[in-house]
Amino acid sequence: YLDSNPLAVAANGWVNWTLADIPVGASVDLWLNTTVSLLLANVTALDNSATFRWTSGGNSSECSGITPPVTTTVLRPILVLPTIVSVGQAGPGINITFELTILNIGGATAYGVFIQDILNSSFTFASASLLVVVAGAVVTGNLGDLAPGGFLNLSLTVTVAADLVNGTTVNNAFSVAYNS
Numbered sequence: 529y530l531d532s533n534p535l536a537v538a539a540n541g542w543v544n545w546t547l548a549d550i551p552v553g554a555s556v557d558l559w560l561n562t563t564v565s566l567l568l569a570n571v572t573a574l575d576n577s578a579t580f581r582w583t584s585g586g587n588s589s590e591c592s593g594i595t596p597p598v599t600t601t602v603l604r605p606i607l608v609l610p611t612i613v614s615v616g617q618a619g620p621g622i623n624i625t626f627e628l629t630i631l632n633i634g635g636a637t638a639y640g641v642f643i644q645d646i647l648n649s650s651f652t653f654a655s656a657s658l659l660v661v662v663a664g665a666v667v668t669g670n671l672g673d674l675a676p677g678g679f680l681n682l683s684l685t686v687t688v689a690a691d692l693v694n695g696t697t698v699n700n701a702f703s704v705a706y707n708s
């Protein structure tokens, strides 16, 4: 629960309004603003229904089900990052280019997408196809927004350390995330 109009009280999964007398034939509009948990899976259906309670002449009454439940489907971004390495083997001092495609296979836009690479100690940053910030071994690039079904292509080039021992296997991992 974030807010409502008129102001309501939220407790134990319920939102309660206390309204003044409503004349016969009159109506009252209520709205409610909530936030959905980030832990819900993509395409989760949420149902919302109302129960009305009132007092008239000292007698209390309750009515539920007079309006159909409202179903809201939660859609969220799902980002995937397959990586293709331009060179499977490289020697000391050689550049390796990682070709990356970030895909949004979810049902909602990913806002503020960014990629991060914590370089293996055997690599130094050489270049990227987008503007990145390099802070020590951490390379971060802001990619903007990514609509459902959309993709972004980019490349990152690193240089293999000159003192790397022949036959050494070196791994590098990227992560991609979004702000909201």
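In this text, residue positions in the sequence shown follow our numbering: the first is 529, and each later residue adds one. In this text, a Cβ means the ideal position worked out from N, Cα and C, and glycines have one as well.
Member of the options whose CA lies at the smallest distance from the CA of residue i
{"i": "V556", "options": "E590, T563, L568 and P534", "result": "P534"}
{"i": "L609", "options": "Y529, N570 and D645", "result": "D645"}
{"i": "L530", "options": "V666, T685, F642 and V564", "result": "V564"}
{"i": "N623", "options": "A656, A578, R581 and F580", "result": "A656"}
{"i": "T583", "options": "G541, L567, F702 and D549", "result": "D549"}
{"i": "T696", "options": "E590, L658 and S649", "result": "S649"}
{"i": "Y706", "options": "A536, R604 and T562", "result": "R604"}
{"i": "S708", "options": "F679, N699, D673 and T685", "result": "D673"}
{"i": "V686", "options": "G634, G678 and E627", "result": "E627"}
{"i": "T599", "options": "A578, A701 and V660", "result": "A578"}
{"i": "W559", "options": "A536, S588 and A618", "result": "A536"}
{"i": "I633", "options": "T562, L680 and A538", "result": "L680"}
{"i": "L647", "options": "S589, W542 and A701", "result": "A701"}
{"i": "D691", "options": "G669, A618 and G635", "result": "A618"}
Check whether residue i and residue j have beta carbons under 8 angstroms apart
{"i": "P620", "j": "A689", "result": "yes"}
{"i": "T637", "j": "A675", "result": "yes"}
{"i": "V662", "j": "F653", "result": "yes"}
{"i": "L671", "j": "V693", "result": "no"}
{"i": "N576", "j": "P597", "result": "yes"}
{"i": "L631", "j": "L658", "result": "no"}
{"i": "L684", "j": "V698", "result": "no"}
For residue i: DSSP bridge partner residues
{"i": "D673", "result": "In the DSSP output, where bridge partners are listed per residue, D673 has none listed."}
{"i": "A663", "result": "V666"}
Anticipated Cβ contact below 8 angstroms, residue i with residue j, distance rounded
{"i": "T601", "j": "A573", "result": "5 angstroms"}
{"i": "L607", "j": "V704", "result": "5 angstroms"}
{"i": "S592", "j": "N561", "result": "Going by Cβ atoms, the distance from S592 to N561 rounds to 22 angstroms, so no, they are not a contact pair."}
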